[in-house]
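Residue numbers (numbering that gives the first Met the number 0): 0 to 583.
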Amino acid sequence: MPSLPFFTTIKPAEKLIVCLWMVFCFLVLSYKLGEVPPYHADENFYVESSLRMVESGDYITPVYHEKKRFAKPILYYWMVVSSYEIFGISLNSARLPSVLFGALSVGLVFLLGCRLFDSRVGLFSAFILPSIYLHFQISRWATTDMALSFFVLLALYFFVLLFQTNFQKNIYAYLFYLSLGLGFMVKGPPAILIPGLTALGFLIATKRKGWFADLRVGQGLVILLVIIVPWFVSMFVMHGEEFKNHIIGNEIKNRLVHDTPFSFYYVGVLFRYQLPWSLFFLFAALKQFGFLGFSSEKGVKFRERLKKWGENVSRHIKLLFKEGNESIAFCYIWILVCIILFTLLRVEHSRYMLPSCAAVAILTAKLFADIEKNPAESGEFGFKISIVITFVILLVSSLLTGIGVFILDSIPAELFALPVILFLGALSLVLFNRIGLSLVFPVALALTLTMASLSGDVLPYVSRYPMKKFAAHINQKKINSPFAVYKLGSHRARLGILTGRMVVKLHTTDEVEDFLGTSQKVYLVIKKSDWEKDFSKLDLKIIKEDQIGSKTRIKPNEITGLFDTEKLRKVLSSTETLYFMSNK
């Protein structure tokens, strides 16, 4: 890693570009932030529990569905509560902390890229990170993952500063542990395990002696205890055995002891959720580890050639840990820690790989920066095929979305933007490649705008759902009575996210009758067809009604008929009625 101060090497224009790009990313990430879908069911926990805190005045114990929720520490709830207090209670407010951390991560990855390599790598990293699907989408959800990723990135940044100053500046060590503690209070142990194991693995791999003293572990533990212990002690004092049993049972035992088999799930996540950048990352990794660019003499037997190829790979891996290459090794260790940690835990959630996105962005940026210095490398087959596949992805996506826009009837004008953005992205990729300019910015811009259009305009329109209309009525009237949905699957989560209220799911007619039979005023969302079939004799009041896209089953002999545009449009536009009803 470079040991000299790096800010003197950054051009003022690059600083300005990064600042403007961060502002742009914040605006794009917050574009139509309150739309659903896309959404994540876990948003219910933080939207509802934080609203309950505001209404009850209890800011210590999260409550979800009338039950205490001990699953996560308190810090992220406080962030959402603060947003509610400042900007008002809404889904936009609940999601705003994630947007902020997503935009701040762009500037932070620039600083880390500059520290590890140079300002060009930092700049390209800042462009790439927000255009990674995993980073973009999770930045628009009211979940703990983006805040966790930010604090992991912040902790690793301070570790790099500490390493580059030869562990002489205490302030960097203290800030490293402060970041770990804040991250822990957002999502728990992963905030310490990911940066901690990355730093430890790097120091061991580079044969750094005396790392325990260098990291000031004793002082660090004191900092962590000061940050973490107060809330946990308060919870134990308030809730006693109930809290202790949850921590030991649910959060420790159940996460470590279960029957889920091991798999390579996270390797797949690393590739598919970061397309098309993962194509370039894969090429860079294969090249750096010696899998590509190896040639042997003609006439050599296959076994001997395989042996020499293995020796070449081994030599390249050893070179990664030599002086001057530590930055590359650091990023790969970072990624491996994320993959190995969650593979061992055998919990499969794609969002768990979010903390590795910054490392992928930096290594991919390093590839483009090297090619910019040595244009001859752009002629390598692996790089060319990555460009071609990226072009095909953008062009085919443009054509498919264009066809979709053509088929759908009476659509809003903003939906036309998606195929146009994708087509311009494909076109700019070809033009920039032909004139020898870096492809990073046009591809990053196209991907970022594409995901904004998809999340803000296309998905909310294509996925016909009535919950927004019902939620608007609930929020406007400030209704605080029990709510339920009958046989509507994920719509329970949608209504809960949009209102911040507890919504239960009913599966049987007996459950519906019991729910409606109370003396309290309650509300039910139900399909008109289900209502007429099973409950039409009940005396209920229809408050609102809306249309939902119906799931039409297509028989095999009807598939060819879908090539008729009118028939296909009719199938896609078919709807059924939903009622929002009350028992009083």
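Beta carbons: idealized from backbone N, C-alpha and C, even for Gly.
Which of helix, strand or coil DSSP assigns to residue i
{"i": "Q218", "result": "helix"}
{"i": "Q546", "result": "strand"}
{"i": "K476", "result": "helix"}
{"i": "L291", "result": "coil"}
{"i": "E34", "result": "coil"}
{"i": "L523", "result": "strand"}
{"i": "L561", "result": "Reliability fails at L561, whose pLDDT of 46 lies under 50, so the model's placement of it is uncertain and no value is given."}
{"i": "Y83", "result": "helix"}
{"i": "T8", "result": "helix"}
{"i": "L223", "result": "helix"}
{"i": "S452", "result": "helix"}
{"i": "E371", "result": "helix"}
{"i": "K142", "result": "According to the sequence as given, residue 142 is Thr; it is not Lys. Coil at T142, not helix or strand."}
{"i": "Y156", "result": "helix"}
{"i": "V502", "result": "strand"}
{"i": "S581", "result": "strand"}
{"i": "T389", "result": "helix"}
{"i": "I553", "result": "Low confidence applies here, because I553 scores a pLDDT of 47, under 50, leaving its location unreliable and the question unanswered by this model."}
{"i": "V346", "result": "coil"}
{"i": "A483", "result": "strand"}
{"i": "T517", "result": "coil"}
{"i": "E575", "result": "strand"}
{"i": "I338", "result": "helix"}
{"i": "Y272", "result": "coil"}
Residue i to residue j span [Cα, whole Å]
{"i": "M184", "j": "A368", "result": "37 angstroms"}
{"i": "M412", "j": "V80", "result": "This sequence places Ala at residue 412; Met is not what is there. C-alpha separation (whole angstroms): 36 angstroms."}
{"i": "K536", "j": "V511", "result": "13 angstroms"}
{"i": "I9", "j": "S118", "result": "6 angstroms"}
{"i": "G248", "j": "V22", "result": "43 angstroms"}
{"i": "F280", "j": "G381", "result": "10 angstroms"}
{"i": "F534", "j": "T517", "result": "16 angstroms"}
{"i": "K520", "j": "F514", "result": "10 angstroms"}
{"i": "V457", "j": "Y38", "result": "14 angstroms"}
{"i": "G455", "j": "T447", "result": "12 angstroms"}
{"i": "K468", "j": "A364", "result": "44 angstroms"}
{"i": "Y63", "j": "L179", "result": "27 angstroms"}
{"i": "P188", "j": "I246", "result": "12 angstroms"}
{"i": "F166", "j": "K208", "result": "12 angstroms"}
{"i": "I384", "j": "A328", "result": "25 angstroms"}
{"i": "S397", "j": "E310", "result": "44 angstroms"}
{"i": "A360", "j": "W20", "result": "16 angstroms"}
{"i": "F282", "j": "W308", "result": "17 angstroms"}
Residue closest to residue i, alpha-carbon to alpha-carbon, out of the options
{"i": "K543", "options": "L523, E531, K532, K536", "result": "L523"}
{"i": "L107", "options": "A357, E310, V236, R350", "result": "A357"}
{"i": "I473", "options": "K536, S489, R500", "result": "R500"}
{"i": "Q586", "options": "L181, S262, A198, M145", "result": "In the structure as shown, the chain begins at 0 and stops at 583. Residue 586 is therefore absent and cannot be evaluated."}
{"i": "L223", "options": "F235, F211, A190", "result": "A190"}
{"i": "D213", "options": "F175, L278, L99, I547", "result": "F175"}
{"i": "L26", "options": "F135, P459, L577", "result": "F135"}
{"i": "L50", "options": "Y578, K477, G548", "result": "K477"}
{"i": "D144", "options": "K71, L220, R114, E84", "result": "K71"}
{"i": "E34", "options": "N311, K526, S92", "result": "S92"}
{"i": "V221", "options": "K206, G200, Y173", "result": "Y173"}
{"i": "A445", "options": "N373, V419, V404", "result": "V419"}
{"i": "K540", "options": "L122, K527, M52", "result": "K527"}
{"i": "Y156", "options": "C113, V484, A146", "result": "C113"}
{"i": "G378", "options": "G435, K206, K317, I547", "result": "G435"}
{"i": "P36", "options": "P459, D57, E84", "result": "P459"}
{"i": "A146", "options": "R94, K168, L110", "result": "R94"}
{"i": "L90", "options": "N479, Y45, V236", "result": "Y45"}
{"i": "M52", "options": "A12, S462, L74", "result": "L74"}
{"i": "L487", "options": "N479, E575, F158, F415", "result": "E575"}
Anticipated Cβ contact below 8 angstroms, residue i with residue j, distance rounded
{"i": "I203", "j": "V151", "result": "So it is not a contact: roughly 19 angstroms between Cβ atoms."}
{"i": "A443", "j": "I59", "result": "With a Cβ gap of about 42 angstroms, A443 and I59 do not count as contacting."}
Contacts around residue i, its chain only, beta-carbon distance under 8 angstroms, and the 5 residues preceding and following it disregarded
{"i": "I386", "result": "L428, N432, L438"}
{"i": "M234", "result": "I59, T60, F69, F242"}
{"i": "L584", "result": "The displayed coordinates of the chain run from 0 to 583. Any statement about residue 584 would go beyond what the structure contains."}
{"i": "I388", "result": "P275, L278"}
Cβ neighbours of residue i in the same chain (closer than 6 angstroms, five flanking residues each side left out)
{"i": "V502", "result": "F482, R491, L494, G495"}
{"i": "L133", "result": "Y272, L353, C356"}
{"i": "L196", "result": "V336"}
{"i": "I334", "result": "S355, A358"}
{"i": "L181", "result": "F150"}
{"i": "L285", "result": "L291"}
{"i": "L122", "result": "E13"}
Beta-carbon contacts of residue i that lie in its chain and below 7 angstroms, excluding the five residues immediately before and after
{"i": "T498", "result": "A470, I473, N474"}
{"i": "R650", "result": "Outside the shown range of the chain (0 to 583) lies residue 650, about which nothing can therefore be said."}
heavy atom of the ligand SAM below 7 angstroms from residue i C-beta
{"i": "Q475", "result": "The ligand SAM is not among the ligands present in this structure, which contains no ligands whatsoever."}
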